Amino acid sequence: MIKLRLTPYADTTWSWDGTRYTTAGRSSEITPFQHPMLEHLAVTDGTRTLLVFRERVAGRPPCDPATRPLSAADYDRARALAAQWPVDYVLVETAPRMPVRVTAGACGIAPLYLAHDASSLYGSWDMADLRNHITGLCAREAARLLIYRPRYGSETLFRGVHRLTERATAFYGGHLHLHYPEPALHGTPRKLAPDADVLGAFVQAIDNALDLRPLDLASTVFHLTGGFDSGTVATRAAQRYPGQVHTAALLIGGPGRAQQIRRRKEMRTILPFGERDDLVDAMQDAPLHPDCARVRGELISPYEEPLHWPFTRLAGILAGHGVRAVVTGLGGDEMVALSQEEYPHRSMGEITDALPWIGERARQALEYADDAIAPPAVVNSMTLLALETAAPVLLRAGIWPVHPFTDPGMVQLGEWLPMHWRELKQLQRRQLASLGLSTDVTQPVERESFAEVVQHTLTTHAQPLFARMLREGSALFDAGLVDPDGLRQAVTRVRDGRYSEDDDAKLLEVIHLHLATQAFL
Numbered sequence: 001m002i003k004l005r006l007t008p009y010a011d012t013t014w015s016w017d018g019t020r021y022t023t024a025g026r027s028s029e030i031t032p033f034q035h036p037m038l039e040h041l042a043v044t045d046g047t048r049t050l051l052v053f054r055e056r057v058a059g060r061p062p063c064d065p066a067t068r069p070l071s072a073a074d075y076d077r078a079r080a081l082a083a084q085w086p087v088d089y090v091l092v093e094t095a096p097r098m099p100v101r102v103t104a105g106a107c108g109i110a111p112l113y114l115a116h117d118a119s120s121l122y123g124s125w126d127m128a129d130l131r132n133h134i135t136g137l138c139a140r141e142a143a144r145l146l147i148y149r150p151r152y153g154s155e156t157l158f159r160g161v162h163r164l165t166e167r168a169t170a171f172y173g174g175h176l177h178l179h180y181p182e183p184a185l186h187g188t189p190r191k192l193a194p195d196a197d198v199l200g201a202f203v204q205a206i207d208n209a210l211d212l213r214p215l216d217l218a219s220t221v222f223h224l225t226g227g228f229d230s231g232t233v234a235t236r237a238a239q240r241y242p243g244q245v246h247t248a249a250l251l252i253g254g255p256g257r258a259q260q261i262r263r264r265k266e267m268r269t270i271l272p273f274g275e276r277d278d279l280v281d282a283m284q285d286a287p288l289h290p291d292c293a294r295v296r297g298e299l300i301s302p303y304e305e306p307l308h309w310p311f312t313r314l315a316g317i318l319a320g321h322g323v324r325a326v327v328t329g330l331g332g333d334e335m336v337a338l339s340q341e342e343y344p345h346r347s348m349g350e351i352t353d354a355l356p357w358i359g360e361r362a363r364q365a366l367e368y369a370d371d372a373i374a375p376p377a378v379v380n381s382m383t384l385l386a387l388e389t390a391a392p393v394l395l396r397a398g399i400w401p402v403h404p405f406t407d408p409g410m411v412q413l414g415e416w417l418p419m420h421w422r423e424l425k426q427l428q429r430r431q432l433a434s435l436g437l438s439t440d441v442t443q444p445v446e447r448e449s450f451a452e453v454v455q456h457t458l459t460t461h462a463q464p465l466f467a468r469m470l471r472e473g474s475a476l477f478d479a480g481l482v483d484p485d486g487l488r489q490a491v492t493r494v495r496d497g498r499y500s501e502d503d504d505a506k507l508l509e510v511i512h513l514h515l516a517t518q519a520f521l
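Those letters in the sequence shown? Residues 1 to 521, by the UniProt record's numbering.
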């Protein structure tokens, strides 16, 4: 949402020049992402200054960005109200002879990475802007990523670069202190009233989430994968705005591909969608294609979209049509997820003998994988990590993402629903069935995922990248995070046609981390 450089203890008289906020002598500057869905403002009581960067809400004109003077009491009220904003925001606070403060909202739609030197704090939604502040690799975070055991916290792959997590505050006065918030409180399943209209409540929650922001349907696309989450959101929008809701998706491979195409076609035929439907074939434009920015050595964060090339291709196509917002189904899995008490299951990310490439230092670091992570968030932490992967690609294309399933009303509805409404996504299935869609849509037989896309990538485009990595070396080898002999063994097995999805799919992360270390280090 913003890029910043803040110098504490310096002049804090801020002015807006039409592109950015700056202080006298440009000792500090903040550049907001310019977008019709966003706004920014600044207020000062003559000593303290509060700069607010946030999503707009519907029914309100955009704020005047010029700095406005307030009394000290009104300033305090403005600060309290700014933290109650119902959608995403970032707050920056400065005062003479005081450290600077940066606080994130609860939604986490765009990441904010932070770094510092001896005099200033730097921040950006694009990790590439902080490259010069990197001092090495964080073994614990690398280990989490290598075995697909992600944890939401301030640590990133690179020492010297930090993630500002939801509701957290960064204090900088020469040293950086990141303060986590109190744990977010969450509800538990409730007993339904005999006349409870669950689908009605679900539809109303979708409407509320979409109506909260000033979406311009002429420049908005709805992600319609054919799955339950994006499907329920997009079909509801098509019901409300006949002929105005355009769609887009990545096509998968494998047995589920034909089914995906059928399900999408049925949704678009039964519901009054708009004419335009932009598709990118992720098998044809597979990840790690030679034209992919990652492969070309560009500064692509290891947290960005794993399917970077096809996702970037789709974002470019949408931008070419004048699209400025994309509505997704991200967060739908977590909205209806079952707890360990309801459905005991193994935690995500385990080391097995089938992962011979995990280096000794990574294995040791995993003992502390759950240390230093953020407390429970308002939005599920796995959802927040997913949002972080999608945002940079879209922002570079001038597109702002909208995720209805992260709306507090949607989150709360999911927490309150009894297990039989959440199990196997019964909520989404029943909503789609209520629209007259067939069992091919509501009870699909084939699995639809990007597993076959990943396998295709690892058996084609990835092979020369692995060969070069093994031949020329890697910072991951040097740090003891990846074992080269174990990697060679796994790559040979995949090349010879003995691919095992459960374990070998994780090799994609090895390449992503290797390419990131090459570019950033």
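We put the CB at the ideal spot given by N, CA and C, even for glycine. Just so we're clear, the structure is a prediction, and the values are computed from it rather than from any experiment.
Nearest to residue i by CA position, among the options, is which residue?
{"i": "Thr165", "options": "Ala184, Gln431, Phe311", "result": "Ala184"}
{"i": "Ala319", "options": "Asp278, Leu307, Trp309, Glu305", "result": "Asp278"}
{"i": "Leu435", "options": "Arg294, Glu55, Arg236", "result": "Arg236"}
{"i": "Pro272", "options": "Ala337, His246, Arg263", "result": "His246"}
{"i": "Thr269", "options": "Phe520, Pro242, Leu366", "result": "Pro242"}
{"i": "Ile30", "options": "Pro61, Thr47, Trp125, Pro62", "result": "Trp125"}
{"i": "Val454", "options": "Pro86, Val494, Ser120", "result": "Val494"}
{"i": "Val43", "options": "Tyr75, Arg60, Thr19", "result": "Tyr75"}
{"i": "Glu266", "options": "Gly414, Leu437, Thr23", "result": "Leu437"}
{"i": "Ala115", "options": "Thr156, Glu472, Pro214, Trp309", "result": "Thr156"}
Any idea what DSSP makes of residue i, helix, strand or coil?
{"i": "Thr7", "result": "coil"}
{"i": "Thr103", "result": "strand"}
{"i": "Asp76", "result": "helix"}
{"i": "Tyr180", "result": "coil"}
{"i": "Glu29", "result": "strand"}
{"i": "Tyr113", "result": "strand"}
{"i": "Val87", "result": "coil"}
{"i": "Thr94", "result": "strand"}
{"i": "Arg163", "result": "strand"}
{"i": "Ile358", "result": "strand"}
{"i": "Ser434", "result": "coil"}
{"i": "Phe450", "result": "coil"}
{"i": "Leu152", "result": "Note that residue 152 corresponds to Tyr in the displayed sequence, not to Leu. In the structure shown, Tyr152 sits in coil (DSSP, three-state: anything other than H, G, I, E or B)."}
What separation, rounded to the nearest whole angstrom, lies between the Cα atoms of residue i and residue j?
{"i": "Tyr368", "j": "Asp485", "result": "25 Å"}
{"i": "Lys506", "j": "Ile358", "result": "11 Å"}
{"i": "Thr188", "j": "Trp416", "result": "5 Å"}
{"i": "Leu51", "j": "Asp197", "result": "43 Å"}
{"i": "Glu305", "j": "Ala390", "result": "6 Å"}
{"i": "Gly398", "j": "Gly174", "result": "34 Å"}
{"i": "Gln364", "j": "Thr459", "result": "30 Å"}
{"i": "Asp17", "j": "Glu39", "result": "15 Å"}
{"i": "Ala95", "j": "Thr49", "result": "6 Å"}
{"i": "Ser154", "j": "Ala142", "result": "13 Å"}
{"i": "Arg422", "j": "Thr406", "result": "16 Å"}
{"i": "Phe33", "j": "Gly108", "result": "15 Å"}
{"i": "Leu470", "j": "Leu307", "result": "23 Å"}
{"i": "residue 525", "j": "Ala73", "result": "Residue 525 cannot be examined here, being either before or after the span of the chain that is shown, 1 to 521."}
{"i": "residue 541", "j": "Asp333", "result": "The shown model of the chain, from 1 to 521, leaves out residue 541, and the question about it has no answer."}
Which two residues bound the contiguous alpha helix (DSSP H) that contains residue i?
{"i": "Ile134", "result": "Premise fails: Ile134 is in no alpha helix (DSSP H) and is neither H nor E."}
{"i": "Ser381", "result": "381-396"}
{"i": "Leu487", "result": "484-495"}
{"i": "Pro310", "result": "308-320"}
{"i": "Val336", "result": "Run containing Val336: none; DSSP gives neither H nor E here."}
{"i": "Trp416", "result": "408-416"}
Apply the 10 Å Cβ neighbour rule to residue i and answer buried if 16 or more other Cβ atoms are within range, or exposed otherwise.
{"i": "Lys425", "result": "buried"}
{"i": "Glu298", "result": "exposed"}
{"i": "Arg205", "result": "Inspection of the sequence shows that residue 205 is occupied by Ala rather than by Arg. By the neighbour-count rule (16 or more Cβ atoms within 10 Å), Ala205 is buried."}
{"i": "Val100", "result": "buried"}
{"i": "Asn132", "result": "exposed"}
{"i": "Glu182", "result": "exposed"}
{"i": "Val445", "result": "exposed"}
Which residues mark the beginning and the end of the beta strand (DSSP E) in which residue i is found?
{"i": "Phe405", "result": "No beta strand (DSSP E) contains Phe405, which DSSP labels as neither H nor E."}
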